[in-house]
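What follows is a set of notes on a single structure, which appears directly below.
Numbering (the numbering used here), first residue to last: 7 to 247.
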C-alpha cells in the first residue's frame, strides 16, 4: 500500500531518531548501512512527493517520483573525500535519475551531494570493475547542494537567532539573514540560557534535533506567558460621560 506524504515524513523522523540512538550507543555510522539507506530513500520520497519502490530488491531504482521518474538513491554517512558509492551497471538502464545523499552525523542533517539525470551521473563514474561502477564523493562533497525547500513546522526567534524546525526534523538557525553552521553549539548555549538540560533522562547528551525541539518549545512557552499589552480605550460618540 502506498504511503502518504505524512506517513513518509513520520517514518523519516522515526528512522532518524533510531539512527541517533544507535550512535549514542556507540555504534559507528558506517555499521548502519541498511538504516542509512532507508533514511535516504524516505528523504528522497519526501522531497520528490514520490513513493518507495514497491518490489523488494527492485532492479536499479529505489523511489518513483510524482512525475514517474525512477530514482536510484545512494546514501552515505562517510565524511572523508576518499569515499565512493557503487552502482550496478547492469541495472542503470532501469534508472532515470540518481540522487546521492549524505547523513551528516555532526548536525544530524541530510545533505544532497548529487541530484541529476542518470546519464550525467554515469559520466562521473569510473569504468566497470568487478561488476560495479564507482562514483567518487570527492567532487560531490565540494559542491554539496543546499537543503531542498521543506515546510517549516516550528519557528521562533530568540536572542537574535531564528530557529526553524523542518518537517523532516532538521534544525536550521539564521542570524541576521545568514545561515549558521554548525548549529549544535548555538543550541547548547541557548539551552543553557533557558535553563534546559543538555542530557536526557538516561544521562546521554541530547542530539541536535532534540536540543532544537526543546529550545523551540521553551521559547514558545515563554512567549505564551508574556501578557498582552493593554489596548487603549476609545470612547464612542454614544458612550455616557
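Think of the CB as a built atom: it goes at the ideal place given N, C-alpha and C, for glycine as much as any other residue.
These numbers were taken from a predicted model, which means no experiment stands behind them.
- Within 10 angstroms of the beta-carbon of residue 26 lie 16 or more other beta-carbons, which makes it buried.
- Residue state for residue 33 is assigned as coil, using DSSP reduced to three classes.
- The three-state reading of DSSP puts residue 188 in coil, since its state is none of H, G, I, E or B.
- Shown here for residue 21: same chain residues with a beta carbon closer than 8 Å to its own, the five before and five after excluded, namely 41, 44, 45 and 48 in chain order.
- Boundaries of the alpha helix (DSSP H) around residue 221: 214 to 231.
- Assignment of residue 160 by DSSP, reduced to helix, strand and coil, places it in the strand class.
- Just so you know, the alpha carbons of residue 192 and residue 96 end up roughly 47 Å apart.
- Setting aside the 5 residues that flank it on each side, residue 110 is surrounded in the same chain by 117, each with a C-beta closer than 7 Å to its C-beta; the list follows chain order.
- When secondary structure is reduced to three states using DSSP, residue 11 falls in the helix class.
- Fewer than three beta-carbon pairs drawn from the region 81 to 88 and the region 52 to 67 are found closer than 8 Å, and the two stretches are therefore not classed as touching.
- A Cβ-Cβ contact shorter than 8 Å links residue 11 with residue 55.
- With contacts defined as CB atoms closer than 8 Å, residue 138 and residue 93 qualify as a contacting pair.
- Boundaries of the alpha helix (DSSP H) harbouring residue 129: 124 to 130, taken from the DSSP string.
- Residue pairing of residue 167 in beta bridges, as defined by DSSP: 164 and 181.
- Taking a C-beta distance under 8 Å as the contact criterion, residue 121 and residue 105 qualify as a contact pair.
- Contact check for residue 158 and residue 170: beta-carbon distance about 5 Å, within the 8 Å limit, so the pair qualifies.
- If you look at residue 81, you'll find it isn't in any alpha helix (DSSP H); it sits in the beta strand (DSSP E) that goes 76 to 82.
- Looking at 214, 205 and 223, the one whose alpha-carbon comes closest to that of residue 160 is 223.
- Taking the C-beta atoms as reference points, residue 101 is found no nearer than 8 Å to residue 129.
- For the pair residue 74 and residue 51, the Cα-to-Cα distance works out to about 12 Å.
- Per DSSP, the beta bridge partners of residue 70 are 57 and 76.
- If you look at residue 92, you'll find it in the beta strand (DSSP E) that goes 90 to 93.
- Per the DSSP secondary-structure output, residue 105 pairs in a beta bridge with 79 and 121.
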